[in-house]
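Residue numbers (the working numbering): 85 to 169.
Here a beta-carbon is modelled for each residue, glycine too, at the ideal position from N, C-alpha and C.
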């Protein structure tokens, strides 16, 4: 979904009350885990969605559970591009 303009759900600025991002001993990984994008830098489609394909699992930033778009992902794509696929 990056190619069509979406950012990671886990990097939204409104995530903090909803998830706990554990510290990483590696400063580089810790930085990327804690990085958030304010609304001025990223366009958010709807509410924070921890089930989105764009929400990576920790600790390895791999998301093996989510290999397909969810209905909410498709809804947000349709909303952004004004289509009804």
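*So, is residue 86 buried or exposed, given that buried needs 16 or more other C-beta atoms within 10 angstroms?*
exposed
*For residue 104, collect the residues of the same chain with a Cβ closer than 6 Å to its Cβ; drop the 5 residues on either side in sequence, then sort them by chain order.*
none
*If you run the structure through DSSP and keep just helix, strand and coil, what is residue 107?*
Look at residue 107 here: in three-state DSSP terms it is coil, with no helix or strand label.
*Counting Cβ pairs, one atom from each stretch, are 3 or more of them under 8 Å apart for the segment 122-132 and the segment 155-169?*
yes
*Specify, as a first and last residue, the run of the alpha helix (DSSP H) that residue 164 falls within.*
155-165
*Helix, strand or coil at residue 127 [DSSP, three-state]*: coil
*Answer with buried or exposed for residue 123, where buried requires no fewer than 16 other C-beta atoms within 10 angstroms of its C-beta.*
Taking all protein chains shown into account, residue 123 has fewer than 16 neighbouring C-beta atoms within 10 Å of its C-beta and is therefore exposed.
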